[in-house]
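According to my numbering, the sequence shown is numbered sequentially starting from 103. We put the beta carbon where it would ideally sit given N, CA and C, even for glycine. First comes the structure, then the notes that go with it.
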Amino acid sequence: MLNQTCFLLSYVKYGDNDAILHCFSAESGYQSLFAKGIYSSKNKKKPYLFPLNLLNITLSKVSNHQSISNVSKIELAADFYDFNEVKINTILFFAADFLHQILRNEHQNQAAFDEIKIFRNELSVANPDSYISLIFNFLKIIGIAPLLGEEKYLNPESGTFNQEIGNPIFTDGISLLWKRFLTAQKPYEIRLKRTERTAFLDSLMIYYHLHFTGFYVPNSLAILRQIYE
103 MLNQTCFLLS
113 YVKYGDNDAI
123 LHCFSAESGY
133 QSLFAKGIYS
143 SKNKKKPYLF
153 PLNLLNITLS
163 KVSNHQSISN
173 VSKIELAADF
183 YDFNEVKINT
193 ILFFAADFLH
203 QILRNEHQNQ
213 AAFDEIKIFR
223 NELSVANPDS
233 YISLIFNFLK
243 IIGIAPLLGE
253 EKYLNPESGT
263 FNQEIGNPIF
273 TDGISLLWKR
283 FLTAQKPYEI
293 RLKRTERTAF
303 LDSLMIYYHL
313 HFTGFYVPNS
323 LAILRQIYE
């Protein structure tokens, strides 16, 4: 048996009663797990399948011929809180969609695991900009953050600051926000106006698209914007 603590990023129902879970664990990084019978009428663990829930999972011993591990036991992590607010749950869905893309090829990465924990803690104190800081901080964690410079405009393609604007989204105001986040000791303490939040998030999505192979804007972003606007 192998015990792991992991965040649930997504899941897919398999057949009538089973599911494949996509998780990010402190011990092994990204992995897919097979949860047999979790949708059966007698199983009470189905409510645990919610984006970014922290789960304690026990895995059955697997052979070298198996490509996916089997879940023998699943529990919510002790002292881990649930959210009931629609806005916060919408943020969780969006953040999980984003992380599922970014982490699917990531092995053990304690910094990434700890960052998700920090993000969840920020949500628990109703930080409305927490998902912005999460997305920005992962630029540094995965090593694609732009280089800080004295010039005025961030060029998203080169990842450097230039004197001339290189993309209409990256105005002087948005570029200044990038510098603010790049130099912040505690990015989660930065508060944005609604218009700033929307424009800065757009610039983050563009930057990820340019620097992370295969990145696409999560569909859940449209729902997030409907809720907040």
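Going by C-alpha to C-alpha distance, which of the options sits closest to residue i?
i    : options                : result
I308 : P248, T192, R222       : P248
A214 : K175, N105, C125, L306 : C125
E252 : L306, W280, I271, P270 : W280
V114 : L151, N264, Q106, R327 : L151
A180 : K189, L157, A197       : L157
I122 : I204, K148, D216, A324 : K148
Given a cut-off of 8 angstroms, decide if residue j and residue i are closer than it, judged by their beta-carbon atoms.
i    : j    : result
L256 : S277 : yes
N155 : L201 : no
Just how far apart, CA to CA, sit residue i and residue j?
i    : j    : result
G245 : R206 : 16 angstroms
S165 : S142 : Below a pLDDT of 50, predicted positions are generally treated as unreliable, and S165, at 48, falls in that range; no measurement from the model is reported.
S162 : D199 : 27 angstroms
I193 : V319 : 14 angstroms
K138 : N211 : 27 angstroms
A128 : C108 : 6 angstroms
H313 : K295 : 27 angstroms
T315 : L306 : 14 angstroms
N119 : I140 : 6 angstroms
T273 : E266 : 10 angstroms
N321 : Q287 : 31 angstroms
G275 : I176 : 47 angstroms
Just checking my contact of residue i with residue j at CB under 8 angstroms: how many whole Å lie between their CB atoms?
i    : j    : result
F136 : N172 : 5 angstroms
S134 : I159 : About 12 angstroms separates the two Cβ atoms, so there is no contact after all.
Y290 : S235 : 5 angstroms
Skipping 5 residues on each side, what residues in its chain have a beta carbon closer than 8 angstroms to that of residue i?
i    : result
E259 : G268, N269, L312
R282 : I292
For residue i, which residues in the same chain have their Cβ closer than 7 angstroms to its Cβ, ignoring the five residues on either side in sequence?
i    : result
L326 : T192, I193, F196
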